[in-house]
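Top to bottom, those sequences are chains E and D. Just so you know, we're using the numbering used here here: the first sequence kicks off at 4 and counts up by one. Just so you know, we're using the numbering used here here: the second sequence kicks off at 4 and counts up by one. Glycine included, every Cβ here is placed at the ideal spot set by N, Cα and C. On a predicted model such as this, the values are computed, not experimentally measured, just so you know. Working notes, structure below.
There are 2 protein chains.
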Amino acid sequence: MADRRPLVTITGASGLIGGILADRFAASYRLRLLDRAPLPGRLGQTVDLEDLPGLERAVAGADAIVHLAAATSVAAAWPEVLGSNVVGTYHVLEAARMAGVPRVVFASSNHVVGMYERDWASAAERPRSPTPLDHLAPPRPDSLYGVSKGFGELLCRYYAEAHDLRVVCLRIGTVLRSNDPRDPAPPGFDAWAAMPWEVRIRGTWLSHRDCAELFRCALEADVRFEVAYGVSDVPHRFWDLEHARRTLGYVARDRWPDETLALDASSPR
Amino acid sequence: MADRRPLVTITGASGLIGGILADRFAASYRLRLLDRAPLPGRLGQTVDLEDLPGLERAVAGADAIVHLAAATSVAAAWPEVLGSNVVGTYHVLEAARMAGVPRVVFASSNHVVGMYERDWASAAERPRSPTPLDHLAPPRPDSLYGVSKGFGELLCRYYAEAHDLRVVCLRIGTVLRSNDPRDPAPPGFDAWAAMPWEVRIRGTWLSHRDCAELFRCALEADVRFEVAYGVSDVPHRFWDLEHARRTLGYVARDRWPDETLALDASSPR
Chain E
4 MADRRPLVTI TGASGLIGGI LADRFAASYR LRLLDRAPLP GRLGQTVDLE
54 DLPGLERAVA GADAIVHLAA ATSVAAAWPE VLGSNVVGTY HVLEAARMAG
104 VPRVVFASSN HVVGMYERDW ASAAERPRSP TPLDHLAPPR PDSLYGVSKG
154 FGELLCRYYA EAHDLRVVCL RIGTVLRSND PRDPAPPGFD AWAAMPWEVR
204 IRGTWLSHRD CAELFRCALE ADVRFEVAYG VSDVPHRFWD LEHARRTLGY
254 VARDRWPDET LALDASSPR
Chain D
4 MADRRPLVTI TGASGLIGGI LADRFAASYR LRLLDRAPLP GRLGQTVDLE
54 DLPGLERAVA GADAIVHLAA ATSVAAAWPE VLGSNVVGTY HVLEAARMAG
104 VPRVVFASSN HVVGMYERDW ASAAERPRSP TPLDHLAPPR PDSLYGVSKG
154 FGELLCRYYA EAHDLRVVCL RIGTVLRSND PRDPAPPGFD AWAAMPWEVR
204 IRGTWLSHRD CAELFRCALE ADVRFEVAYG VSDVPHRFWD LEHARRTLGY
254 VARDRWPDET LALDASSPR
């Protein structure tokens with residue numbers, strides 16, 4: 004009998020989130036994993052975001068694209084941001100349109116609104132606004148990376164409304180390779196962060212299981228276009244989760260592992 | 004005695020708005036007119052938006068940049084939008100930052116929110132929303148051109164907040180070469196418009212005098228970053244002018260020339 008599970012194509016499948024989705028989606032979806040480099044230990048196709056005809060062939064027949072491939076560093080310089088995030092995202096949406104793929108989930112970023120955090124930090128406020136930052140807050144990118152993800156959201160909205168795609172943009176929280184939010188800051192964090200790691204991660208952690216659930220909800224939701232944040236059940240959340248719950252059905256299941264430790268970040272481990 | 008008038012550099016000075024500003028700013032500012040092609044009948048410099056070092060030299064010493072150079076057609080294809088509007092605007096802001104130019108006025112566009120118009124048109128509503136569309140309405144671009152102008156606004160905000168520039172983004176109404184809004188639609192209008200020309204122009208017309216005043220206000224305003232619409236005193240405005248008045252001090256002075264004619268667009272001229 005034919006396999007009737009939806010065919011989901013994942014770009015940037017070799018990355019951290021790509022690996023999480025490849026593992027956890029294997030039962031629910033047929034997967035076509037794309038990356039610019041061969042995927043060690045997985046069946047996949049190599050295709051570069053610069054190659055629009057190649058992308059169109061690679062996404063043909065898919066029911067949805069999860070677009071993860073990007074320059075993912077907040078410190079990424081303009082040439083990389085331009086090529087991977089601006090041109091690359093255009094090519095993915097254009098390939099979807101040309102190939103008739105009806106749905107795209109775009110890995111956006113909280114760095115589209117990262118400048119709000121700097122205000123909170125410089126005002127010596129706790130990193131929780133009285134009202135969490137929601138999808139309607141005017142974008143205030145904190146980096147060229149954040150600008151490029153904001154561009155991707157604009158482009159997604161245009162394709163959704165002009166070309167009849169369904170698109171969900173996810174402003175993803177902090178996903179850690181170890182999945183343990185008590186780990187020390189990853190390299191490079193201090194270069195852009197406005198708050199100490201131990202403070203910020205208590206607002207932004209997204210577990211592997213919740214990450215996969217967030218993307219699953221985005222793939223299944225009956226919406227034309229949405230932007231939503233995704234974090235786990237963290238003690239000091241400062242992004243809105245209500246919109247993700249209402250429009251996508253996303254509910255965080257993983258709780259902060261050790262509240263006592265988390266509340267006193269200065270205590271020894 | 005030294006000329007103490009501020010030095011304003013204008014990119015895309017050969018265009019319609021460039022010519023309007025060059026004529027009307029000559030008394031208040033020292034002007035440095037830039038364009039990729041030589042400016043007939045005017046003193047100017049040729050510089051291409053692709054040429055970042057050339058741009059940095061061309062804006063050095065200026066008190067402000069008015070950035071008009073762009074692919075200005077709503078129907079512009081991706082390669083042109085990418086080169087002129089995405090990369091070009093990055094180069095202008097980066098040149099401003101490197102050269103220490105403290106202020107930029109960016110010619111944005113109502114096409115950043117153009118998809119709202121299509122809703123009104125398809126709902127057979129009059130082209131006036133009960134509340135005019137303001138600067139806080141979530142962007143809904145109607146074209147790749149609109150996406151690129153929304154990108155420019157995001158980039159401007161990043162530069163304003165991260166690099167201490169003052170930036171005003173103007174969502175400019177419809178400026179006509181003849182300056183007469185009773186003229187027929189310009190070529191290409193029907194390709195994208197959701198409303199008949201005679202209906203839309205009654206909401207969007209911006210006279211030459213008001214256009215120059217809008218840019219003058221943006222150059223003088225004591226603001227870090229703003230987005231504002233600009234139209235003349237039109238009979239069926241559907242974009243907010245209150246924010247431009249409050250933050251920039253802009254007040255439209257030119258009124259629709261013939262209200263009777265305008266209210267019945269089907270009547271013979």
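DSSP places residue 253 of chain E in the coil class of the three-state scheme, outside both helix and strand.
The DSSP-derived three-state label of residue 70 of chain D is strand. If you check each beta-carbon in the segment 185-206 of chain E against every beta-carbon of chain D, none falls closer than 8 Å.
The Cβ neighbour count for residue 26 of chain E, taken over all protein chains shown within 10 Å, is under 16; the residue is labelled exposed. With a cut-off of 8 Å on Cβ pairs, the segment 90-106 of chain E is in contact with the segment 52-70 of chain E, counting three or more such pairs. Residue contact with chain D for residue 69 of chain E: absent (no Cβ-Cβ distance below 9 Å to any residue of chain D). Among the residues facing chain D, residue 77 of chain E is not included, as its CB has no counterpart in that chain under 9 Å away. Counting the other Cβ atoms within 10 Å of the Cβ of residue 78 of chain E gives fewer than 16, which makes it exposed. Between the alpha carbons of residue 185 of chain E and residue 85 of chain D lies a gap of roughly 42 Å. Non-local beta-carbon contacts of residue 120 of chain E in its own chain, meaning distances under 6 Å to residues more than five positions away in sequence, involve 197 in chain order. Cβ proximity to chain D below 8 Å picks out 89, 90, 93 and 97 from the segment 86-114 of chain E. The residues 38, 39, 40 and 41, in chain order, have a CB closer than 7 Å to that of residue 49 of chain E in the same chain once the five nearest residues on each side in sequence are set aside.
Burial of residue 146 of chain D is indicated by the presence of at least 16 other C-beta atoms within 10 angstroms of its C-beta. In the assembly as shown, residue 165 of chain D is a buried residue. Its beta-carbon has 16 or more other beta-carbons within 10 Å. Closest by C-alpha distance to residue 72 of chain E, out of E:241, E:244 and E:155, is E:155. In this chain, the beta strand (DSSP E) harbouring residue 110 of chain E covers 106-112. Counting only Cβ-Cβ distances below 7 Å, residue 158 of chain E has contacts in chain D at 150, in chain order. Under the three-state reduction of DSSP output, residue 228 of chain E falls in the strand class. DSSP lists D:106 as the bridge partner or partners of residue 169 of chain D.
Counting every other CB atom within 10 Å of its CB across the protein chains shown gives residue 134 of chain D a total below 16, marking it as exposed. According to DSSP, residue pairing for residue 12 of chain D in a beta bridge involves D:35 and D:68. Put simply, the CB of residue 145 of chain E is near chain D, with a gap under 9 Å to one of its CB atoms.
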